[in-house]
Amino acid sequence: MRILITGARGQLGTDLQRSLSDHELIPCAHHELDVTEKHRVYALLKEHGPDVVINTAAYHRVDECESHPGETFAVNAVGPWHLATACRMHGAKLVHISTNFVFDGRADRPYTEDELPGPLNVYGTAKLSGEHLVRSNWDRHFIVRTTGLFGHSVGSGKGSNFIETMIRIGMERREVVVVSDQVMSPTSTEDLAGALGELIESEAYGTYHVTSGGACSYFDFARTIFRKTGIDTVVRPTSTEAYGAPAARPLYTVLDNGRILSLGIAEMPSWEDALDGYLAQRVRRGDETAGFP
Ligand SMILES: NC(=O)c1ccc[n+]([C@@H]2O[C@H](COP(=O)([O-])OP(=O)(O)OC[C@H]3O[C@@H](n4cnc5c(N)ncnc54)[C@H](OP(=O)(O)O)[C@@H]3O)[C@@H](O)[C@H]2O)c1
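Positions 16 to 308 (this note's numbering) are the ones given, in order, by the sequence shown.
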């Protein structure tokens, strides 16, 4: 298949290129395709005629989004709408990546795809709008919600993922404070890219929750990162309220993966196994900060 990937230098975009390398790929970095530019989106799809478009592009600095609603909606809602329109014109399947932040986080068990979203912040609201604009515009879509991504990006993206942030801070400080009441599934972009590769072979259009197995709080995630890397920084728990970030965050956003498993697509490994793989790869690549104490 011919597959066009937006946000190709991001975490997921980078791993999609590796995972889908048997296909004919058209990886588009941000500077090559800005999804907010309608005419550029239309022109590129016309030029390449892809069978599938995978939209990983996003503006997702969640706190910054609160003070930049225009840009947040342009990238996360209007951009997907342009892509859906162009996919409809050329008959391409569209995979659009969405987020756990469409939910309000008040659940006490994993969210299914049929549960009512209720975003708490500008980012989640824009991502939910993007979902609606894709759904209402083009039937041959896969909307894939995921959580807490980590991968070896070649680009700047969000700047850093949680693992890299913890390792950096852990090597600088003796103590770090991390929220213990936000629970999700840290998810490997490498494993997610593999699942998306299987999903695009199907015609089972709709909305899917796709994450690594298991769940934890960011506090537990940080402790596990330090334990596995041998960094002896102390992790102190705090609450989301006490932490006081500018954007409200949903607390419990574990996503039920039952629907994608029902297609016969293999369950993704647990987040802890995926973390082992990530850290091992990091050491193999000889990252500057990979020489753990
Ligand atoms: N990261 C998470 O924890 C997480 C959790 C749940 C869902 N998601 C969703 O998963 C998807 C992939 O996330 P990721 O972690 O791979 O993100 P990422 O590493 O930040 O990659 C996103 C890419 O999109 C590019 N981009 C930004 N604005 C763009 C625009 N207007 N047009 C085209 N490209 C643009 C960025 O380029 P620049 O860096 O050059 O701006 C970046 O390379 C996103 O849809 C995100 O909402 C992420």
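Note that CB positions come from ideal geometry on N, CA and C, so glycine has one too.
In this structure, DSSP gives residue 283 a state outside helix and strand, which the three-state scheme calls coil. As summarised for the segment 239–300, the continuous beta strand (DSSP E) elements at least 3 residues long and confined to that stretch are 249–253, given in chain order.
The three-state reading of DSSP puts residue 74 in coil, since its state is none of H, G, I, E or B.
In this structure, residue 53 has its CB at a distance of at least 7 Å from all heavy atoms of ligand 1. Residue 48 has its alpha-carbon roughly 7 Å from the corresponding atom of residue 55.
If you compare the alpha carbons of 178, 153 and 109 with that of residue 201, the shortest gap goes to 178. Nearest to residue 281 by alpha-carbon distance, out of 290, 237, 213 and 298, is 213. For residue 106, the number of other beta carbons within 10 angstroms of its own is below 16, and it is reported as exposed. According to the DSSP assignment, residue 157 belongs to the beta strand (DSSP E) that extends over 156–161. Minimum Cα-Cα distance from residue 163 among the listed residues 205, 127 and 18 corresponds to 205. Around the C-beta of residue 104, fewer than 16 other C-beta atoms lie within 10 Å, and the residue is accordingly described as exposed. The alpha-carbon separation between residue 261 and residue 228 amounts to approximately 30 Å. Non-local C-beta neighbours of residue 145 in its own chain, meaning closer than 6 Å and more than five positions away in sequence, comprise 91, 92 and 95, ordered along the chain. A check of alpha carbon separations from residue 296 across 30, 60, 263 and 18 identifies 30 as the nearest. Around the beta carbon of residue 137, a 10 Å sphere encloses 16 or more other beta carbons of the protein chains shown; the residue is thus reported as buried. For the 8 Å CB-CB criterion, residue 78 and residue 16 do not form a contact.
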